[in-house]
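Student:
Chains as they are written, first to last, in my numbering: chain S, 15 to 409; chain H, 113 to 736.
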């Protein structure tokens, strides 16, 4: 995958550059004020450094236009230029003075936090060049008592500068905390989404299989010796074909009722719903569930449709040994295999000759039923024994 | 009021419809009677009808007859010596009432009222006396029965088992309501068999069956189904009145786009029909259009006497399922205790519940627990709540406005501003039923906030004494809810019948509780600042105040623990009340502790696992 690189146009403002520009204007202004006081009050020679004053007024704006909007080395060049300017002012004021110490301290601070050792070295060289340019009398002492105003201004500059920096750093730290919080929130959202997606994916599987999958991370096939298999077929009134929505609603009803009676939905196909129960009471539970399902569909279709329009179910029941597992792991396709599953399908094909609203049970189921009231024995087209319970006149 | 037995030919015909119930009841009451005596007795029985709210007789009245319930339901209650009332039983079809007074000669032992429209068979004292004179063995049977009842050896009548029959009252002609009712019916299927009847289907059943009146028919429907939904007509009608007289619960269903004014059906139902007092609980379901939020719910509640209201987003499967859980008493509620920064553990618990497939249907709490509960009540999940709290705490320090400590250490203005920004709605407008607890200093009792501005309720509930100033409501001073009831499970139990999950933040031994000495303030500061000195643990003012807030309600918490169905107590001993910086760690402790506990509970109560909710959450998440 090709790496993308973020580039900034020269006209594009870098984050924080506006604030740096404002600080530079402030710093330059204060340095020039010290220079003016030095020339006028301390030395009594106004206009000595007129060229430096004019250069100082223009310098921050020009430097910002030329270099201030760039990152990297080009962006750091402006800090070196700052050194040249600060050195020129220091040279003009005199090295051994408090104002010069303030300007030097501020410059060192800037280079240290913005660029590290290399920038400090480059800045100091630029500052010495500046001193050399203007330092005609760099070590000349200033008459005592003449420069209280300059010292006071230097103190104000120092305090103001660090106050502004402190405020800015406070803002930056706040923004960083905010960004950190937002980043963490984004990570949490991603984690949560993944967890929910995992759980929803597991919802595709029958409950017990999903739990096992969630717990172990895989789903080995399971052999079940005495499962009760229930295949529900839903018929529509007047032989109409159901819509997807209608089928979905009917299968939701199946889910709710069968789950309550101890069955797990395995899969659906067409109008059929396959469910399995592992409890010993499975056959009797299946009969109760089928009866409730049929009654529910019959009673409530009539509410919204004509009284004669009734849905009903045909329930095919068999029990025996099956193997349950993922037959297509990549699709989470869970299915049942084994003789009992085959026998159920065979029973279902024979059951098409039987009326709707019935429970059709295999002899194996009939033997396990605690309450077989209403079941009638008959034979299918291949001579297979069937036991049929009509759900039409439910008690 | 004792209704006079009726004896018109019409009534005699009606009585014949109840012969099976009468024979069974008389056989239970009198023992084996030969056919001739039974027929004579049946011929002497009169018919009486009560409407819901009618009194059959009052405690202490002289008894002149006994009654057999043929259809409907009664309530038997006694007034205790301290004036309180206690409900003893709910006699149903086949149960006899009033027989004790006939044999003991004393007045009626209890008051009996009709909680549904009820049909009764009436036997007068004279007929009973004549029976006993001709069949003395009847007396022994009755005597045995009365002795058994007095000694409690016989289970007399079934205690009421939650809601069985609910009346659905669609207040408007609306597509949203038309779609909601079948969804509700289907959602109820998860909890039991359901029969939904409207006037057409009920009439068809009546015509197709042997029953001649709705009372018997509805009794039969209730016997064969776990839940019966009776959908009233949209206009006043005989069927709507029948539903009203037979419901345990009346659920008004409204489309909020239609406005809150009382409908004609309501005025008729609770005006004319309401002259007979209903014992049914009245609830209101407000259907909202997609992508809208509840607002101005108080206007709906102002004109109705509603026990509980629910908000449902039209077409939202999850919120419809929630109403089904409320109706079937399977709604899961969550009660969160207060505990300062330890309350972040609630978010971990909420995450564990969500991932396990438990949908919380109602929330409440005290102090920080109430604050955490607002997120769930507004429909946020644990991630959104965590994000919101993190942003709120990182942007602004809620306790940062210190003041001269006369009333409190901080002014509370910061907190007020944060709460007003994040919780601008009324409690009534929250998606989930919600309450917050505060302690009323003026009345010295717990105050439950269920209505009004949410931020004010939370502000009152988190007003830590001495740290935050109390709030003022109706002239009463309200402070932190944790003082009087830090784990208000009892409040939730009064509101809901479903399972309650309670999260307590108390720890057996407080962090840093092993003090070797109580240092002076200067010693404490020196130990912290000077190099080479070992830090001294000290019970600081703020820590002591915070511990005192929950100490007072420990007794209530212990009894609340027994009321809860799942009690969670994350191990938070390593975290202080004021450990705001350990938010993530505390959330994680809550989560890791809760996952196995919740899984274990779900194994025992699988009906509360909501896979459909998980799938819905997934879809919502993807589309969001």
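From the three backbone atoms N, C-alpha and C, an ideal C-beta is built for every residue, glycine too. Just so you know, these numbers come straight off a predicted model, no measurement behind them.
1. Closer than 6 Å by C-beta to residue 581 (chain H): which residues in its own chain qualify, once you throw out the five before and the five after it? Chain order, please.
2. If you drop the 5 nearest sequence neighbours on each side, which residues of the same chain put their C-beta closer than 7 Å to that of residue 182 (chain H)?
3. Report yes or no: is there a C-beta of chain S within less than 8 Å of the C-beta of residue 298 (chain H)?
4. I want to see whether chain S comes within less than 8 Å of residue 306 (chain H), judged by CB atoms only; does it?
5. If the cut-off is 8 Å on Cβ atoms, which residues from the region 467-499 of chain H count as contacting chain S, listed in chain order?
6. Looking only at its own chain, which residues have a Cβ that is under 6 Å from the Cβ of residue 267 (chain H), when we skip the five neighbours before and after it?
7. Between the beta-carbon of residue 680 (chain H) and the beta-carbon of residue 602 (chain H), is there less than 8 Å?
8. Go ahead and pull the three-state DSSP assignment for residue 308 (chain H).
9. Taking 8 Å as the threshold (C-beta atoms), are residue 332 (chain S) and residue 264 (chain S) in contact?
10. Measure the C-alpha to C-alpha separation of residue 162 (chain H) and residue 330 (chain H) and round it to an integer number of angstroms.
11. Express the C-alpha separation of residue 304 (chain H) and residue 433 (chain H) in angstroms, rounding to a whole number.
12. Do residue 275 (chain S) and residue 247 (chain S) have their beta-carbon atoms positioned less than 8 Å apart in this structure?
13. Do residue 553 (chain H) and residue 589 (chain H) have their C-beta atoms within less than 8 Å of each other?
14. Taking residue 357 (chain H) as the reference, give the member of H:344, H:365 and H:368 with the closest Cα.
15. Considering only residues of the same chain and omitting the five flanking positions on each side of residue 565 (chain H), which have a CB-CB separation below 7 Å?
16. What are the start and end residues of the alpha helix (DSSP H) that includes residue 282 (chain H)?
17. Whole angstroms are fine: how far does the CA of residue 720 (chain H) sit from the CA of residue 471 (chain H)?
18. Report the partner residues of residue 347 (chain S) according to the DSSP bridge assignment.
19. Would you mind listing the alpha helix (DSSP H) stretches within the region 473-544 of chain H that are 4+ residues and don't spill past its ends, in chain order?
20. Judging by CA-CA distance, which residue of H:128, H:454, H:135 and H:685 is the nearest neighbour of residue 159 (chain H)?
21. Please classify residue 147 (chain H): is it buried, with 16 or more other beta-carbons within 10 angstroms of its beta-carbon, or exposed?
22. Against chain H, with Cβ distances strictly below 8 Å, would residue 271 (chain S) count as a contact?
23. Tell whether a beta-carbon distance below 8 Å holds between residue 395 (chain H) and residue 444 (chain H).
24. Entirely within the region 553-622 of chain H and at least 3 residues each: give me those beta strand (DSSP E) ranges in chain order.
25. Identify the continuous beta strand (DSSP E) that holds residue 286 (chain S) and give its terminal residues.
26. My guess is that residue 475 (chain H) and residue 546 (chain H) are in contact by the Cβ rule of under 8 Å, so how many angstroms apart are they, rounded?
27. Can you give the Cα-Cα distance for residue 172 (chain S) and residue 61 (chain S), rounded to whole angstroms?
28. Any chance you could list the beta strand (DSSP E) runs of at least 3 consecutive residues sitting entirely within the region 409-461 of chain H, in chain order?
29. Would a C-beta distance cut-off of 8 Å place residue 176 (chain H) and residue 236 (chain H) closer than the cut-off?
30. Helix, strand or coil for residue 722 (chain H)? Go by DSSP, reduced to three states.
31. Reducing DSSP to helix, strand and coil, say where residue 312 (chain S) ends up.
32. By Cβ distance below 7 Å, which residues in the same chain neighbour residue 534 (chain H) in space, the five residues on each side in sequence not counted?
33. What residue does the beta strand (DSSP E) around residue 187 (chain H) start on, and which one ends it?
34. How would you call residue 283 (chain S), buried or exposed, if buried means at least 16 neighbouring beta carbons within 10 angstroms?
35. Exposed or buried, which one is residue 567 (chain H) when buried takes at least 16 other CB atoms within 10 Å?
36. For residue 411 (chain S), go through chain H and note every residue whose CB falls closer than 8 Å to its CB, in chain order.
Tutor: From the atom records:
1. The answer, listed in chain order, is 519, 520 and 524.
2. Correct list, in chain order: 130, 133, 205, 231, 232 and 233.
3. yes
4. yes
5. 467, 469, 493, 494, 495, 498 and 499
6. Note that residue 267 (chain H) has pLDDT 49, beneath the 50 cutoff, so the model's placement of it is unreliable and the number below is only indicative. For residue 267 (chain H), where only same-chain residues beyond five positions count, there are no Cβ hits under 6 Å.
7. no
8. strand
9. no
10. For residue 162 (chain H) and residue 330 (chain H), the distance between alpha carbons rounds to 16 Å.
11. 13 Å
12. no
13. Closer than 8 Å, so yes.
14. H:344
15. 538
16. That residue, residue 282 (chain H), is in no alpha helix (DSSP H); its beta strand (DSSP E) goes 277-282.
17. 8 Å
18. S:342
19. Runs of the alpha helix (DSSP H) inside the region 473-544 of chain H: 480-489, 494-507 and 525-534.
20. H:128
21. exposed
22. yes
23. Contact annotation: residue 395 (chain H) and residue 444 (chain H) have beta-carbon atoms that are not nearer than 8 Å.
24. Qualifying beta strand (DSSP E) stretches, in chain order: 557-561, 583-585, 588-592 and 612-615.
25. 286-291
26. 5 Å
27. 25 Å
28. Taking 3 residues as the minimum length, the beta strand (DSSP E) runs contained wholly in the region 409-461 of chain H are 420-425 and 445-448, in order along the chain.
29. yes
30. Residue 722 (chain H) falls in the coil class under three-state DSSP.
31. Note: residue 312 (chain S) maps to helix in three-state DSSP.
32. 500 and 504
33. 186-191
34. Burial call: exposed.
35. buried
36. This structure gives no information on residue 411 (chain S), because the portion of chain S shown stretches from 15 to 409.
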